[in-house]
Every structure is written in C-alpha cells, then in structure tokens.
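K.L.:
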Amino acid sequence: MSYGVRERLFAPDNRTQVVGVSVAAVLLVVAPFVLGGFQTSLLAQTLIFAVFATAFNLLYGYTGLLSFGHAMFVAASGYTAAKVVQQLAPALGIADIFGGAELLVVWLLALVLGTVSAGVLAVFIGYLSVQLEEIYFAMITLSFSMAIFVIVNQDIIGSVLEAVGIGGGTFTNGSDGLTFRMGEVNLFGLDFRLVNIADPTAFYLLTLVVFGLAMYALYRIVNSPFGTTCQAIRENPERARALGIDTTYHSWMTFIISGAFSGMAGAMLVMLKTGILPADAFWTSSATPVVMTVIGGPYAFFGPLAGAFTYEYLRWFIRQFPLLEEFWEFSFGFLLLIVVLFFDNGVYGRVSRFRAWLGEAQSRYRDDGIAGVVALVQETIAGALRAAAEIVRGLAAALRARLGLA
Numbered sequence: 364m365s366y367g368v369r370e371r372l373f374a375p376d377n378r379t380q381v382v383g384v385s386v387a388a389v390l391l392v393v394a395p396f397v398l399g400g401f402q403t404s405l406l407a408q409t410l411i412f413a414v415f416a417t418a419f420n421l422l423y424g425y426t427g428l429l430s431f432g433h434a435m436f437v438a439a440s441g442y443t444a445a446k447v448v449q450q451l452a453p454a455l456g457i458a459d460i461f462g463g464a465e466l467l468v469v470w471l472l473a474l475v476l477g478t479v480s481a482g483v484l485a486v487f488i489g490y491l492s493v494q495l496e497e498i499y500f501a502m503i504t505l506s507f508s509m510a511i512f513v514i515v516n517q518d519i520i521g522s523v524l525e526a527v528g529i530g531g532g533t534f535t536n537g538s539d540g541l542t543f544r545m546g547e548v549n550l551f552g553l554d555f556r557l558v559n560i561a562d563p564t565a566f567y568l569l570t571l572v573v574f575g576l577a578m579y580a581l582y583r584i585v586n587s588p589f590g591t592t593c594q595a596i597r598e599n600p601e602r603a604r605a606l607g608i609d610t611t612y613h614s615w616m617t618f619i620i621s622g623a624f625s626g627m628a629g630a631m632l633v634m635l636k637t638g639i640l641p642a643d644a645f646w647t648s649s650a651t652p653v654v655m656t657v658i659g660g661p662y663a664f665f666g667p668l669a670g671a672f673t674y675e676y677l678r679w680f681i682r683q684f685p686l687l688e689e690f691w692e693f694s695f696g697f698l699l700l701i702v703v704l705f706f707d708n709g710v711y712g713r714v715s716r717f718r719a720w721l722g723e724a725q726s727r728y729r730d731d732g733i734a735g736v737v738a739l740v741q742e743t744i745a746g747a748l749r750a751a752a753e754i755v756r757g758l759a760a761a762l763r764a765r766l767g768l769a
C-alpha cells in the first residue's frame, strides 16, 4: 500500500468508515453460523440486492441517469445462468474432472457467462439509450425492458431457433420459466450442496465473496477519475461538455458497467432461487433497485446498501403481522413515504447527519459543558418540529388545491 493510499484510508474523515466496514465484514462472516436457515437465505438475498442497487446507483446517483429497465439485465443474466446449469450440471455432475468440484465450476461458469451476457446486452441498449436525456432515457429503458419481458414470456428465442432447425422449440420455457437442481460438491474432502434450503451456509459464503468483490470494484470505480467525471456530468452536463468531456461516451460506459454488475446480481439471485420466471424481467422488478436507492440515499456509495437492508427487512417485518401482510403494499408504501419525507438523502444520509450531530455535541460539551449539549438538543428538536410543520402545511395546501378548496 503506497503512502498516499494509506494516508487517505486512515484520514480522520475515513477512519470511522473503515472501522464500520471492518465490523460489518466480521458480522457478515459470522452470521450464517449464528442465524437459522431462513434468516441466512434472507441475508444472502439482501446482499445480492445490495449489489443490484449499487450497480443501478452508479448510473443514477453518480451519472444522473434514471433507468426503469434494469430488470432486463437480471433477466438476461438469469436465463443465461439457468441454461448453463441446466445443460452442464447433469453432465459434469457425474464426471470426475475437477476432483468432485465440478458443480462449483458450473456455478462459476454460470456466474461469469450471466454477467457477460448482461454486459453485452447493455452495450447495444446503452448505445441507443444514452443518445436521449432525462425522461426520454427513462422511457426507452422501460421500453427495452418490456420488450425483453415479451421475448422471454413468449419464448420467442425458442421459436426462432426452431425455425432455423436448432433446438426443440423451447429456450426460456415461456411463462413457466426455468428451474434446475444442483447436487453435492466435494471440496477439500467436504461434501455440501451449493443450494440447500435447510442449510444455506455454503451458498451464503459464496454470495459474501461475490458481494465483497463486486462492492470493492464498484467503490474503486466511483472513486476513480472516471467516477469523478460521471459526477461532473450529473451536476451539469452542459458545463462538462464545455470542458471537453464526451458525456455520451461516459454515460454509455457507465450504462455497460451498471448493466454487467446488475447481471452479476441476477445470476446470483437465480442460483439462490434455483430458477427464474418472466416476472423477473417485468417493469415492476426494475422498480426494486430504484426504491432501494431512494430509501438508502442515492448520493452516497453505501446508500443503496443501507436501502437494500431496509427494504428487505421491512418486508420481512411486515409479513410477521397478518393484517399488515394482507395490505403489505400499502404498509410498505406508507413506511417509504415516512423515509422520503423525514430522512434527508435517505437512511444513510440521516445516519451521516446523526454522526455529524454527535461531533457537534462533543464540540459543544468541550466548550460549554452539559449546557451546550442541552442547547443543541433543543435546537435540533425545534428544527425538526419546524420541518414537520412545513411538510404538513405543504400536504394540506396540495390537498386543498386538489379538492378545489384553495
């Protein structure tokens, strides 16, 4: 590690973040040995969605492009991964080529090919989409996503292959989707199933490795000169162009990277569920990373991660109560409204502000003692009440205008 990197890493502003990441890493490693099977699977799913949301946010939060079609990358990768497992797992499962680890090789191959397929799709769709801006960009990505949904739902690829004399007339299996099973892996003398509902520890640990590598890669990207350029495009595209930045090219590259990492998450999600349905390509699935990013905060790298945990565990919490579960969309929507109204820049933004507030409290205590802290608390409460009153007045004014009672 060079002196400059070490100096930045352990600077006062980053020290707390480094400690937090280290503690979180230890907890994530220990988690499957403490939690039950269901909670471990839920945590694995949350980590996968965290990668999905962070990849989406590379495009939205860092470049300023809102996509309503990222589910198409999950679908492209998911169907590719499922076909790889379907075709290779039965053959390699009975072979003895890699000393009992054949299915692990299949899993890795499915992950890589799934990611590549999503990246290739992003190359073509991104090139067309980034020619447009703002709402038109969002709409064309939504249109492409719905086109992918129709293709997989009606098994158009299978029909085309049959017409040219390849295959048996099915590829995506239409509305039934694709399912698969994976047997046992023998690695270092240990036998385990990659996907095991009763004991998902092995799959969780693989997920944790992929999660760590993906998040590290994305972190390096957003903190590179390329990431800085993307943020300049987000803030002011016209000024960026005036400075000689090729905004179309950078947006295209961001789209490709975002699509590829979304595909990586899609392949992992398919492995976890041991199957994929056309619904995974539907436009509502594209809303998931959007909601997670908004909840967590789009202008911080760890915002989508916080949003993924909040989203997944709020859904789990709501389902513990029959009445809330029956109206879970309304319940979740209400909770989302609370987050949007009262959590400036999402959950992660609120946590960051609270950390800054603690620093201010320490400073007040050093200067004025406990009286300074009490004064800060009073100021904070008064500010929160003023903000809440402003929100209520705004909602009341909008309601009166809607009802014609102005």
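Here our numbering is used: the first residue of the sequence shown is 364, the next is one more, and so on. By construction, the Cβ of each residue, glycine as well, lies at the ideal position given by its N, Cα and C atoms.
1) Give the range of the alpha helix (DSSP H) segment to which R583 is assigned.
2) What are the boundary residues of the alpha helix (DSSP H) that includes V527?
3) Please name the residue in A413, A724, A445 and G659 whose C-alpha comes closest to that of V703.
4) Please classify R718 as buried or exposed, where buried requires at least 16 neighbouring CB atoms within 10 angstroms.
5) Assign N420 to buried or exposed, taking buried as 16 or more other Cβ atoms, counted over all protein chains shown, within 10 Å of its Cβ.
6) Can you tell which of G427, G383, F412 and L398 has its C-alpha closest to the C-alpha of N599?
7) Provide the residue span of the alpha helix (DSSP H) that contains A623, from first to last.
8) Nearest to P667 by CA position, among V382, V381 and G424, is which residue?
9) Have a look at the DSSP bridge pairing and note the partners of I639.
10) Using only the alpha-carbon positions, how far apart do A628 and V392 sit?
11) May I ask which residues mark the beginning and end of the alpha helix (DSSP H) holding E496?
12) How big is the Cα-Cα spacing for I701 and F695?
13) Helix, strand or coil for G489 per DSSP?
14) Spatial neighbours of A759 within its chain, please: CB distance less than 8 Å, with the 5 preceding and 5 following residues excluded, ordered by chain position.
15) For the stretch 643-651 against the stretch 402-411, are there 3 or more C-beta pairs whose distance is under 8 Å?
16) Rounded to whole angstroms, what is the Cα-Cα separation between V381 and I520?
17) Quick one, are the C-beta atoms of F543 and T443 less than 7 Å apart?
18) Please name the residue in A747, I639 and F401 whose C-alpha comes closest to that of D562.
19) Short of 7 Å in beta carbon distance, which residues of its chain neighbour L422, apart from the five on each side in sequence? Order them along the chain.
20) Helix, strand or coil, according to DSSP, for A603 in the structure here?
21) Identify, in the order they occur along the chain, each residue of the same chain with its Cβ nearer than 7 Å to the Cβ of V585, setting aside the five sequence neighbours on each side.
22) If you draw a straight line from the alpha carbon of E775 to that of F697, how long is it in whole angstroms?
P.N.:
Let me lay it out:
1) T564 to V585
2) Unbroken run through V527: none, as it is neither H nor E.
3) G659
4) exposed
5) buried
6) G427
7) T610 to K636
8) G424
9) L541
10) 19 Å
11) Counting along the chain, E496 falls outside any alpha helix (DSSP H), and DSSP gives it neither H nor E.
12) 10 Å
13) helix
14) none
15) no
16) 47 Å
17) no
18) F401
19) L428, S430, T617, F618 and S621
20) helix
21) L421, Y425 and F664
22) For the chain, the structure presents residues 364 to 769; residue 775 sits outside this window and is missing.
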